[in-house]
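Student: Numbering (the UniProt record's numbering), first residue to last: 1 to 248.
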């Protein structure tokens with residue numbers, strides 16, 4: 001009724017515009033409030049008793065510490081693989097950097113001293129990526145790939161423990177799984193819908209993946225032939241994961 005409180009059409013139009021802005025803002029405020037309340041819910045408020053809430057927060061802190069240790073293992077840069085003349089194709093600036101790293105500051109052990117002619121390629125700081133992308137020898141790429149994956153086996157028990165504890169935390173708040181807990185903040189509001197969506201994608205994506213793998217395999221065989229490395233064993237091998245970045 002307020003829009004008719006003035007005989008001026010300009011005033012009435014201004015009121016209508018203000019009302020539209022208010023209603024739009026109300027929807028945004030409601031959404032913001034819902035998000036804020038969900039944050040409190042996920043923190044256990046309104047669901048857990050005081051003692052339970054303290055236990056929930058303590059468990060959350062322990063999970064954060066496990067995640068920190070996991071990331072710390074990923075970030076460590078003092079491990080790598082020793083190579084000699086197997087790095088053909090790797091950019092020279094990368095080789096120079098690794099050679100400096102291999103001999104710096106007397107940090108080599110007695111066993112490593114006789115390896116001075118070798119280069120230590122670190123897993124961190126782009127070392128693995130540089131070898132997998134540029135090294136011409138398949139054996140070099142394979143060795144780097146496998147060593148890099150085995151390098152982080154210390155993270156396996158950490159990851160398993162994180163997954164287990166996250167599941168317990170979700171169940172503590174009456175969620176069936178950790179995924180059900182996390183998805184409440186997402187556009188897709190149920191894990192059932194996500195599973196159905198992924199099932200729809202499976203067939204077309206797998207078919208497309210097989211086609212792309214076949215293309216990469218042809219490129220791989222062409223590369224082996226151009227380098228005179230197309231012996232029977234290498235030709236008959238399937239497309240390995242350590243060849244992907246090099247062939248792409």
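We treat Cβ as the ideally placed atom computed from N, Cα and C, and that holds for glycine. Computed from a prediction, not measured in an experiment: that's the story for all the values here.
Taking C-alpha atoms, which residue in 15, 241, 9 and 8 lies nearest to residue 129?
Tutor: Residue 241 is the option with its Cα nearest to residue 129.
Student: Between the Cα of residue 252 and the Cα atoms of 172, 144 and 183, which residue gives the shortest distance?
Tutor: Residue 252 falls outside the range modelled here, since the chain spans only 1 to 248, and no answer is possible.
Student: CA-CA distance, residue 246 and residue 187?
Tutor: Each residue's alpha carbon lies about 37 Å from the other.
Student: Looking at the structure shown, is residue 90 part of a helix, part of a strand, or coil, going by DSSP?
Tutor: Coil.
Student: Please report the distance separating the alpha-carbon of residue 68 from that of residue 81.
Tutor: Approximately 25 Å between the Cα atoms of the pair.
Student: Grab the span of the alpha helix (DSSP H) containing residue 157 for me, first residue to last.
Tutor: 155-172 is the span of the alpha helix (DSSP H), which, as asked, contains residue 157.
Student: Which residues mark the beginning and the end of the beta strand (DSSP E) in which residue 241 is found?
Tutor: Careful: residue 241 lies outside any beta strand (DSSP E) and carries neither H nor E.
Student: How far does the alpha helix (DSSP H) with residue 123 in it reach, from first residue to last?
Tutor: Where residue 123 is concerned, there is no enclosing alpha helix (DSSP H), given that its DSSP letter is neither H nor E.
Student: Which residue from 98, 88 and 165 puts its Cα closest to that of residue 140?
Tutor: It is 88 whose Cα lies nearest to the Cα of residue 140.
Student: In the DSSP assignment, the alpha helix (DSSP H) including residue 196 goes from what residue to what residue?
Tutor: Run containing residue 196: 191-226, per the alpha helix (DSSP H) assignment.
Student: Starting from residue 80, trace the alpha helix (DSSP H) in both directions and tell me its first and last residue.
Tutor: Residue 80 -> not in any alpha helix (DSSP H); beta strand (DSSP E) instead, spanning 80-83.
Student: Can you have a look at residue 226 and say buried or exposed, based on whether 16 or more other CB atoms are within 10 angstroms of its CB?
Tutor: Looking at its Cβ environment, which holds fewer than 16 other Cβ atoms inside 10 Å, residue 226 is exposed.
Student: Would you identify the three-state DSSP class for residue 44, choosing helix, strand or coil?
Tutor: The answer is coil: DSSP assigns residue 44 none of H, G, I, E or B.
Student: Using CA atoms only, rank isn't needed, just tell me which of 228, 221 and 146 is closest to residue 235.
Tutor: Checking every option, the nearest Cα to that of residue 235 belongs to 221.
Student: Quick check: what's the CA-CA separation for residue 29 versus residue 35?
Tutor: About 10 Å.
Student: Buried or exposed: which applies to residue 166, given that a residue is buried once 16 or more other Cβ atoms fall within 10 Å of its Cβ?
Tutor: Residue 166 should be labelled buried.
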